[in-house]
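The next block holds one structure in the form of structure tokens; read it before the comments.
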Amino acid sequence: MTTGPREIDVPFRPIPLDVPEGMKPNEFFNSPENLKDLTENNGLLTNDEDLLLYRKALGHSNEFDCSIIYNTSQSVLNPLGRAVRRTQLPSNVRKVWNRMNQIIIGFMLEHYPDPKKHLVLAGEASLDATWPITSTGVPSIRMLHNHFIVFDKKELQNSKLADTENPNLTDGGQHSLFAAYMQDVYVEFLSTLDLKTLKPITGEASSLSLTGYPQGLPSWEVIGGIDSLKNIDFWQEYDKILKGFLDFYRTFFAQVSSRNSGVPKNAYFPKQIEKTLLFNNCFLSAAKKVRDKCINDAK
């Protein structure tokens with residue numbers, strides 16, 4: 256079996272999707288009308304915390320595909336003022352968000368228990384604040400959302416390999432830069448956060464044999480499996496990893512912007528940054544490579 260990204264066709268689901276007359280599809284998906292449609296036609300559940308669970312019409316898989324979105328479109332009209340990461344959620348919303356995630360993931364594993372038959376994925380989509388508001392996708396909606404997807408492994412295995420030159424499979428070189436220079440220091444940095452439920456893993460155990468995902472990017476084993484998601488300790492460590500990720504890359508791009516810059520303001524883990532990142536030659540040399548490239552080739 257050849258390992259590599261797969262390309263699958265997902266037929267349109269025959270569920271309601273009303274694009275208002277006179278509005279182009281891309282305009283619709285980047286507008287509050289999309290949220291209205293999700294709520295009225297495809298919303299499965301909503302609550303007082305403005306968390307909306309909805310099914311996908313244009314989705315990734317026809318086996319199982321739904322999302323939760325923190326729908327603040329009616330309370331926060333400024334797209335740039337909406338929460339785009341779980342660290343920006345109010346405490347009460349984050350608690351309910353965590354419980355909804357735990358319940359849906361548990362449901363997925365209960366109905367798709369055999370990892371040889373199905374691939375179960377759950378992912379949190381954090382929209383970066385620098386994403387241009389005119390870009391394609393959902394930047395004008397700009398709200399934190401999650402994906403819950405199940406793929407039939409036979410369908411994946413029988414699908415054709417994706418074109419490795421497909422721009423949707425590239426990241427502008429950040430991955431290769433990370434893999435070559437920063438992978439070890441990233442794990443070292445997050446290992447200082449005293450994690451007990453989440454354990455870094457590498458090698459074959461950390462990737463999918465069918466597609467190779469996530470191609471060497473950091474992976475974590477959940478000690479205790481699905482039951483750990485019912486424990487607040489898991490979600491606290493999950494938040495720690497996200498905060499560590501933000502600290503890592505804020506520090507990195509601060510170095511790219513200004514040589515020998517210090518600990519970023521409002522860092523979550525300033526001591527660990529100073530001790531681990533700002534004294535690591537691989538981390539600093541990677542920042543220098545990006546800085547030099549920006550100076551010599553602004554494109």
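Position 211 (the sequence shown) corresponds to 466 in the working numbering; numbering is contiguous. By construction, the Cβ of each residue, glycine as well, lies at the ideal position given by its N, Cα and C atoms.
Straight-line Cα distance separating residue j from residue i
| i | j | result |
| --- | --- | --- |
| residue 551 | residue 544 | 11 Å |
| residue 478 | residue 450 | 11 Å |
| residue 419 | residue 261 | 10 Å |
| residue 323 | residue 439 | 33 Å |
| residue 412 | residue 351 | 36 Å |
| residue 377 | residue 472 | 17 Å |
| residue 414 | residue 515 | 48 Å |
| residue 328 | residue 546 | 38 Å |
| residue 533 | residue 432 | 18 Å |
| residue 277 | residue 292 | 16 Å |
| residue 485 | residue 404 | 20 Å |
| residue 318 | residue 531 | 44 Å |
| residue 300 | residue 400 | 14 Å |
| residue 265 | residue 470 | 24 Å |
| residue 454 | residue 325 | 29 Å |
| residue 518 | residue 480 | 35 Å |
| residue 373 | residue 320 | 13 Å |
| residue 491 | residue 422 | 35 Å |
| residue 499 | residue 444 | 8 Å |
| residue 258 | residue 416 | 9 Å |
| residue 358 | residue 256 | 34 Å |
| residue 397 | residue 341 | 13 Å |
| residue 402 | residue 524 | 29 Å |
| residue 493 | residue 308 | 21 Å |
| residue 349 | residue 343 | 9 Å |
| residue 548 | residue 509 | 15 Å |
| residue 452 | residue 337 | 30 Å |
| residue 385 | residue 465 | In this prediction, residue 385 has a pLDDT of 49, which is less than 50 and means its spatial position is unreliable; nothing more can be read from the coordinates. |
| residue 273 | residue 314 | 16 Å |
| residue 503 | residue 361 | 31 Å |
Residue i: first and last residue of the uninterrupted alpha helix (DSSP H) it sits in
| i | result |
| --- | --- |
| residue 358 | 346–366 |
| residue 540 | 536–551 |
| residue 413 | 408–413 |
Under the three-state DSSP convention, the category residue i falls into
| i | result |
| --- | --- |
| residue 518 | coil |
| residue 496 | helix |
| residue 322 | strand |
| residue 524 | coil |
| residue 384 | Low confidence applies here, because residue 384 scores a pLDDT of 48, under 50, leaving its location unreliable; read the following figure in that light. Coil. |
| residue 403 | strand |
| residue 263 | coil |
| residue 310 | strand |
| residue 332 | coil |
| residue 273 | coil |
| residue 392 | Bear in mind that a pLDDT of 48 at residue 392, under 50, signals an unreliable position, so the number given afterwards is only what the model happens to contain. Residue 392 falls in the coil class under three-state DSSP. |
| residue 513 | coil |
| residue 227 | Nothing about residue 227 can be reported from this structure: the residues present for the chain run from 256 to 554 only. |
| residue 304 | coil |
| residue 501 | helix |
| residue 327 | coil |
| residue 341 | helix |
| residue 533 | coil |
| residue 291 | helix |
Extent of the continuous beta strand (DSSP E) to which residue i belongs
| i | result |
| --- | --- |
| residue 298 | 298–301 |
Residue(s) in a DSSP beta bridge with residue i
| i | result |
| --- | --- |
| residue 378 | 402 |
| residue 416 | 261 |
| residue 373 | 407 |
Check: residue i C-beta below 7 Å from any heavy atom of the ligand SAM
| i | result |
| --- | --- |
| residue 527 | Although the ligand SAM was asked about, the structure shown includes no ligands whatsoever. |
Taking only runs that begin and end inside the stretch 419–487, name each unbroken beta strand (DSSP E) of 3 or more residues, in chain order.
453–456, 474–477
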